[in-house]
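*Asks:* Structure in structure tokens, see below.
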Amino acid sequence: MYDAPQKTDSMTEWCLGLPLVEDKPFGTEEADTLRRESGGWWKRGLLALLAAPTLSALVLILLALHGGRSDVIGTAETVLMVLAVILGVPCALLQARDWLRRGRDLSRDLKAGHIKRFEGLTAEAETGNGIWKRLVKIGALPGEDVTRVSIEVLPASGRIYKTEGHLLQPWMTASRTSVADAPEFASIAAQWLQPVAQTAEGEVLAGRRELSDPEKTEIRRHARLLWLRPLPFALFFSIWFFFPLLVLLFRGKLDTSAEWASILRAGIGTVASDFFLIRGLLLARKLNRDAASGYVGIIRVEPRIQKPTPEGFLLGKPPSSEPRLTTELLFVSQWTWTYGGRPANWRKVAR
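Numbered per the working numbering, the sequence shown spans residues 2 to 352.
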């Protein structure tokens with residue numbers, strides 16, 4: 002038996018295209034397992050943190066012992082020891098940061114006291130997501146031949162704790178997002194559509210309904226992310242392009258081929274990043290206009306009823322027509338908002 006999506010304040014949380022169905026409290030065994038794992042990550046992180054100064058001190062001692070040697074072997078040993086510090090210390094610090102962060106996040110998961118269970122149709126899941134593909138590859142999730150799947154995710158760390166009820170050993174995380182639920186009057190509005198055209202497939206019915214406040218908030222959030230995501234890249238390449246350009250303006254020329262190569266790379270990066278930034282700003286403007294309008298369009302095609310045939314009459318089969326699902330479209334951006342009462346796929350992708 003499968004549960005219905007859990008809705009809070011007209012919003013539903015989604016992960017990998019699956020809706021949240023339950024906030025399940027930790028059992029005693031699960032809490033003990035997380036407590037042991039959290040302690041293990043803290044110990045690893047502290048050991049990696051101590052490894053950085055230990056490695057530096059060891060290299061300094063070895064350099065002092067080999068300080069008098071000036072032959073080729075001594076020089077090579079000195080270079081290798083310096084490289085060990087330059088490469089080893091940052092790697093140890095970065096690894097320590099990751100392990101300490103895991104221990105901290107698992108402690109927060111224990112404090113939260115529950116785990117989030119997501120469950121839904123495989124056809125609606127983000128099967129193209131890299132995390133999903135990896136879960137299928139290691140056998141944690143079944144292939145597309147299974148109708149429904151479920152995963153359990155820890156609330157603070159975002160770690161995928163269980164898949165299909167089985168504990169997941171590798172540390173893998175998945176992002177989550179909140180999607181506004183369709184208001185109750187959406188299904189009522191879908192029944193009061195007016196015919197607007199005739200096609201070969203049937204009669205086209207159309208109408209509109211008001212967007213709820215959570216839906217407007219979600220649209221504005223997506224609009225903001227459209228230009229915020231490419232903004233850091235645009236700023237980085239623009240600043241990189243600005244300094245060689247200043248040199249060119251003041252000197253009137255660039256002296257070396259390296260300077261020309263630098264300004265060329267920066268110029269290409271600036272054009273590309275600015276393109277995505279401007280594109281994001283234009284799309285964000287359309288979405289903001291959709292939110293400001295306060296309405297979403299509704300469209301449905303009612304198929305023609307098939308004419309009875311002699312074969313169908315003899316077999317006792319009445320004429321039938323396949324039902325068509327209702328689609329909701331944003332007026333300005335022309336993006337699909339819902340299909341068959343379910344949110345469009347782009348809304349369920351964590352950004």
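C-beta atoms are modelled at their ideal positions from N, C-alpha and C, and glycine is treated no differently.
For the ligand GDP, is there any heavy atom lying closer than 7 Å to the beta carbon of Y340?
*Replies:* Because no ligand of any kind appears in the structure shown, any question about the ligand GDP cannot be addressed here.
*Asks:* Please report the straight-line C-alpha distance between A285 and L227, rounded to a whole angstrom.
*Replies:* One C-alpha to the other measures close to 6 Å.
*Asks:* Using the Cα positions of R215 and L50, report the straight-line distance between them to the nearest angstrom.
*Replies:* Note on identity: in this sequence residue 215 is Pro, with Arg being the wrong assignment. So the alpha carbons of these two residues sit roughly 44 Å apart.
*Asks:* Could you check what DSSP says for K349 in three-state terms: helix, strand or coil?
*Replies:* Three-state result, K349: coil.
*Asks:* Tell me which residues share the same chain as G298 and place their Cβ nearer than 8 Å to its Cβ, disregarding the 5 neighbours each side in the sequence.
*Replies:* So the list reads A207, G208, R209, E329, L330, L331 and F332, once near-sequence residues are dropped.
*Asks:* Tell me whether D106 sits in a helix, a strand or coil according to DSSP, three-state version.
*Replies:* In this structure, D106 counts as helix in the three-state DSSP scheme.
*Asks:* Helix, strand or coil for W336? Go by DSSP, reduced to three states.
*Replies:* Three-state DSSP puts W336 in coil, outside helix and strand.
*Asks:* Considering only their Cβ atoms, is the gap separating G121 from L19 smaller than 8 Å?
*Replies:* Contact: yes.
*Asks:* Cα-Cα, which of G270, S258, A85 and C16 is closest to G133?
*Replies:* The sequence given here has Trp at residue 133, not Gly. Checked all of G270, S258, A85 and C16; the closest Cα to W133 is C16.
*Asks:* Applying the criterion that 16 or more other CB atoms from any shown protein chain within 10 Å of the CB defines a buried residue, is I139 buried or exposed?
*Replies:* Exposed, since its Cβ has fewer than 16 Cβ neighbours within 10 Å.
*Asks:* Distance, Cα to Cα, W241 vs W261?
*Replies:* Distance between the alpha carbons of W241 and W261 is about 13 Å.
*Asks:* Rounded to whole angstroms, how far is the Cβ of V350 from the Cβ of E31, which I believe are closer than 8 Å?
*Replies:* V350 to E31, Cβ: 29 Å. No contact.
*Asks:* With a 10 Å radius around its C-beta and 16 neighbouring C-beta atoms as the bar for buried, classify R98 as buried or exposed.
*Replies:* The residue in question, R98, is exposed, as its Cβ has fewer than 16 Cβ neighbours within 10 Å.
*Asks:* Can you tell me the Cβ-Cβ gap for V180 and P344, rounded? I've got them flagged as a contact below 8 Å.
*Replies:* That belief holds up - the Cβ atoms of V180 and P344 are roughly 5 Å apart, short of 8 Å.
*Asks:* With DSSP as the reference, label E329 as helix, strand or coil.
*Replies:* Three-state result, E329: strand.
*Asks:* Give the DSSP-derived three-state secondary structure of W15 in the structure shown.
*Replies:* The answer is strand: DSSP assigns W15 an E or B state.
*Asks:* Is the distance from the Cβ of L278 to the Cβ of P245 below 8 Å?
*Replies:* Result no, Cβ atoms of L278 and P245 do not sit closer than 8 Å.
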